[in-house]
Amino acid sequence: MGLLVLIRRRLLKAAVVLGLLWCGLADVPPPTVEAANNLVIVASQLYPTSRLTKEEVREIYLGHRMIEQFLRIRPIDQSDPAIRTAFLQSVLSLSKDAYIDHWNRLLFQQGGLPPLLKDSPDDVIKELLKTDGAIAYLWEHDAAGQNGLKVLLVIPLK
Amino acid sequence: MRITPSRSLHGTSHSERHALRILFSLLAMLALTAPSISEAFELRGFGDVTYTKSDEAASTAHHGTFTLGQLDLYITQPITDRIDVLTELSVETDSSGDTGIDLERLQISYQARDWLVIRAGRFHNLIGYWNLTFHHGRQIQTTIERPTMLAFEDRGGFLPVHLVGLWLSGYIPTGPLLLNYGIMVGNGPKIANVDPLLGGNLDPNNITDNSGNKAVAFDLTIHPAALHNMGLSVCGNISRVEGFDTPGLQIANISQQILCGEAHYVTETIELLGEYYVLFDQDKQTGLGHFTNHAWYLQAAYTFATKYVPYVRYEHISVDEGDPYMTMLNVLDTAKTILGFRYNLASASSVKAEARFVSHPAPAGLAEHAHEFAIQWAFWF
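Quick note, the sequences are listed as chains A and B, same order.
Position 111, counted from 1, in the first sequence is what my numbering calls 148; the numbers after and before it change by one each time, with no gaps.
Position 137, counted from 1, in the second sequence is what my numbering calls 138; the numbers after and before it change by one each time, with no gaps.
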């Protein structure tokens with residue numbers, strides 16, 4: 038009996054919210070912090086260059102540019118779909134599926150090393166500090182104040 | 002490089018046992034390493050099953066035939082941050098039912114700079130777009146089959162699609178243009194066991210080279226920086242090809258230059274491919290003169306809603322009559338039109354169906370025509 042009452046209340050609440058939305062009296066949820074944030078391309082302080090262009094970042098993440106002043110570049114991806122999608126669309130103009138397909142084909146055609154995939158900004162930062170030549174994208178606020186990192190490019194999101 | 006089957010009294014050939022051992026080892030490695038795109042170690046593969054029906058009485062598909070495609074397995078593995086190894090094995094069953102293993106590729110590479118990668122081993126030759134891009138990957142090619150002109154050497158092909166030797170390549174961005182170059186030097190092919198009626202097969206000379214004349218292949222591809230999906234290439238392969246009859250006597254010594262060009266435009270929805278090959282042959286042994294052969298194809302496909310892909314291809318092979326090279330390989334004038342439809346079940350699996358109209362033009366009304374229908378289920382794992 039109690040369960041039925043609960044379900045009825047939830048349905049009533051949902052109907053009210055939908056009705057308010059329909060009438061324009063309620064707003065959709067505000068954009069997340071990340072959606073209003075910038076992307077930054079970061080590397081450790083030992084990375085041999087201090088800035089990159091968007092085109093150079095694109096070439097790195099497509100596997101065309103692999104060496105930076107005698108150092109093997111190791112691009113890092115993030116599994117978080119929000120930042121990964123934002124990066125792929127703004128820099129590579131590719132969907133996630135097309136990006137993975139590109140790398141699968143490249144590895145079949147030439148061999149080589151695919152980008153590393155990390156689950157969180159903390160994991161990304163640890164990898165950047167550990168691996169010479171590692172490069173990654175982060176939300177600007179995740180990169181702010183991190184010792185040992187430098188920003189190579191800021192990518193404003195529209 | 003084929004490991005020749007030798008069947009034992011117990012019904013399992015040595016090569017089959019060898020194939021099973023390799024497969025078992027690869028699967029064991031797979032299980033132990035739990036690969037993903039984030040891992041350096043990758044074991045991947047392609048496979049397919051195809052049904053073909055032909056109205057040509059002499060065709061092996063005349064009665065309708067199910068065919069197991071090649072099981073193609075490849076591994077890419079870094080040794081250091083500069084040195085990588087790529088290995089590709091193809092397990093296939095021939096028309097007699099014997100299973101064999103082809104070592105398709107074995108290459109070790111050193112990434113010196115972006116503009117210089119040095120590789121040694123056995124490669125896909127630098128001729129055209131299809132050979133390097135798809136090769137055994139039937140799932141990633143739109144159609145069921147390769148263009149006839151790019152058939153594998155052991156399947157009646159007349160272009161050297163593999164090379165054993167050294168490969169230098171690089172990537173050079175130059176402002177508005179992105180350049181990829183490649184140069185290969187390796188064992189030139191030979192044509193062995195030429196039967197007067199059936200011809201012979203092109204042999205890439207995987208183990209030894211029967212002559213001191215090394216083959217040289219080259220490729221230069223240009224991508225407009227503003228249009229990454231488009232590419233234009235010029236390529237070629239220069240070699241000396243000796244022919245041997247069944248007893249092993251040399252019957253030809255062909256000086257050959259292959260020149261080729263390709264253009265492609267590939268996006269997530271549009272695929273436009275075109276390749277052109279011209280083969281200049283001169284038999285130094287018989288002094289029969291110069292011969293020029295042409296082969297080309299055009300292919301177009303369009304993807305609707307990521308799943309539905311109608312496609313069309315036209316192929317043309319024009320053989321210079323009397324060319325000893327083409328005669329030894331039993332190559333005929335061929336025109337082929339393919340109309341097909343592909344349905345992507347997933348990004349790694351598809352079903353394709355196509356109708357083919359094949360003709361071998363000949364003078365005096367002797368032209369041969371055949372109609373084929375084929376359906377294929379392909380996958381990638």
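Ideal Cβ placement from N, Cα and C applies to all residues, glycine included.
Determine whether the Cβ of residue i lies closer than 7 Å to any Cβ atom of chain B.
i: Leu129 of chain A; result: no
i: Gly182 of chain A; result: no
i: Ser81 of chain A; result: no
i: Ile113 of chain A; result: no
i: Asp159 of chain A; result: no
i: Arg88 of chain A; result: no
If you compare alpha carbons, which of the options is closest to residue i?
i: Arg241 of chain B; options: B:Val217, B:Gly288, B:His361 and B:Thr222; result: B:Val217
i: Leu83 of chain A; options: A:Leu194, A:Gly185, A:Leu190 and A:Val191; result: A:Gly185
i: Glu93 of chain B; options: B:Ala226, B:Leu104, B:Ile109 and B:Pro362; result: B:Leu104
i: Arg120 of chain B; options: B:Arg83, B:Arg147, B:Phe153 and B:Asp196; result: B:Arg83
i: Gln258 of chain B; options: B:Glu272, B:Tyr298, B:Pro79 and B:Pro190; result: B:Pro190
i: Asn181 of chain B; options: B:Trp381, B:Val86, B:Glu243 and B:His229; result: B:His229
i: Asn254 of chain B; options: B:Ser212, B:Ser360, B:Asp73 and B:Asp220; result: B:Ser212
i: Met329 of chain B; options: B:Ser170, B:Phe374 and B:Glu154; result: B:Glu154
i: Leu260 of chain B; options: B:Leu289, B:Ser350, B:Leu221 and B:Ala371; result: B:Leu221
i: Glu89 of chain B; options: B:Gln112, B:Thr66, B:Asp56 and B:Gly138; result: B:Gly138
i: Ser110 of chain B; options: B:Thr307, B:Phe245 and B:Ser170; result: B:Ser170
i: Glu316 of chain B; options: B:His295, B:Asp324 and B:Thr338; result: B:Thr338
i: Gln147 of chain A; options: B:Gly101, B:Thr100, B:Leu127 and B:Gly98; result: B:Leu127
i: Ala227 of chain B; options: A:Gly149, A:Leu153 and A:Glu92; result: A:Glu92
i: Ala349 of chain B; options: B:Tyr277, B:Asn132, B:Thr307 and B:Ala356; result: B:Thr307
i: Ile145 of chain B; options: B:Gln71, B:Ile192, B:Thr175 and B:Gly262; result: B:Gln71
i: Asn238 of chain B; options: B:Leu198, B:Phe159, B:Gly288 and B:Pro177; result: B:Phe159
For the beta strand (DSSP E) that contains residue i, what are its first and last residues?
i: Trp378 of chain B; result: Glu369 to Trp381
i: Arg357 of chain B; result: Ser350 to His361
i: Ala264 of chain B; result: Gln251 to Val267
i: Arg111 of chain A; result: Arg111 to Gln115
i: Pro79 of chain B; result: Leu72 to Pro79
i: Thr94 of chain B; result: Ile84 to Thr94
i: Gly275 of chain B; result: Ile271 to Asp284
i: Leu69 of chain B; result: Thr66 to Leu69
i: Ser81 of chain A; result: Leu76 to Ser81
Is it the case that the CB of residue i approaches a heavy atom of the ligand COA more closely than 6 Å?
i: Glu276 of chain B; result: Ligands displayed in this structure: none; no statement on the ligand COA is therefore possible.
Taking all protein chains shown into account, decide if residue i is buried (16 or more other Cβ within 10 angstroms of its Cβ) or exposed.
i: Ile208 of chain B; result: exposed
i: Asp282 of chain B; result: buried
i: Arg114 of chain B; result: exposed
i: Phe305 of chain B; result: exposed
i: Val235 of chain B; result: exposed
i: Tyr130 of chain B; result: buried
i: Glu96 of chain A; result: buried
i: Ile173 of chain B; result: exposed
i: Gln377 of chain B; result: buried
i: Leu387 of chain B; result: Limits of chain B in this structure are 2 at one end and 382 at the other, which puts residue 387 of chain B out of reach.
i: Ile172 of chain A; result: buried
i: Tyr344 of chain B; result: exposed
i: His370 of chain B; result: exposed
i: Val77 of chain A; result: buried
i: Ala347 of chain B; result: exposed
i: Lys353 of chain B; result: buried
Cβ of residue i less than 7 Å from any chain A Cβ?
i: Asp246 of chain B; result: no
i: Gln112 of chain B; result: yes
i: Leu87 of chain B; result: yes
i: Asp49 of chain B; result: no
i: Ser234 of chain B; result: no
i: Thr77 of chain B; result: yes
i: Ser351 of chain B; result: no
i: Ala220 of chain B; result: The identity of residue 220 of chain B in the sequence shown is Asp, whereas the question assumes Ala. No, no contact with chain A.
i: Asp115 of chain B; result: yes
i: Tyr454 of chain B; result: Lying before the first or after the last residue shown, residue 454 of chain B is absent from chain B, which here runs from 2 to 382.
i: Asp82 of chain B; result: yes
i: Ser91 of chain B; result: no
i: Glu272 of chain B; result: no
i: Glu269 of chain B; result: yes
What are the boundary residues of the alpha helix (DSSP H) that includes residue i?
i: Val332 of chain B; result: First-last for Val332 of chain B: undefined, no H or E at that position.
i: Leu97 of chain A; result: According to the sequence as given, residue 97 of chain A is Ile; it is not Leu. Looking at the DSSP string, the run of the alpha helix (DSSP H) that includes Ile97 of chain A is Lys91 to Tyr98.
i: Trp297 of chain B; result: Careful: Trp297 of chain B lies outside any alpha helix (DSSP H), inside the beta strand (DSSP E) at His291 to Tyr303.
i: Pro311 of chain B; result: Note, Pro311 of chain B: premise wrong, no alpha helix (DSSP H); beta strand (DSSP E) at Tyr309 to Ser319.
i: Thr122 of chain A; result: Pro118 to Phe124
Which chain C residues sit within Cβ distance under 9 Å of residue i?
i: Arg45 of chain B; result: Of the protein chains in the structure, A and B, none is chain C.
For a minimum of 3 consecutive residues, which ranges assigned as the beta strand (DSSP E) are wholly contained in the stretch 128 to 187 of chain A? Complete beta strand (DSSP E) runs here, min 3: 153 to 155 and 171 to 176.
Every unbroken beta strand (DSSP E) inside the stretch 144 to 203 of chain B [3 residues or more]: Listed in chain order, they are 163 to 175, 178 to 187 and 191 to 196.
Run through the stretch 203 to 247 of chain B for me and flag every whole beta strand (DSSP E) of 3 or more residues, listed as ranges in chain order. Runs of the beta strand (DSSP E) inside the stretch 203 to 247 of chain B: 216 to 225 and 231 to 246.
In chain order, what are the residue ranges of uninterrupted beta strand (DSSP E) at least 3 long that sit wholly in the stretch 97 to 135 of chain B? Entirely contained in the stretch 97 to 135 of chain B, the beta strand (DSSP E) runs reaching 3 residues are, in chain order, 100 to 114 and 117 to 125.
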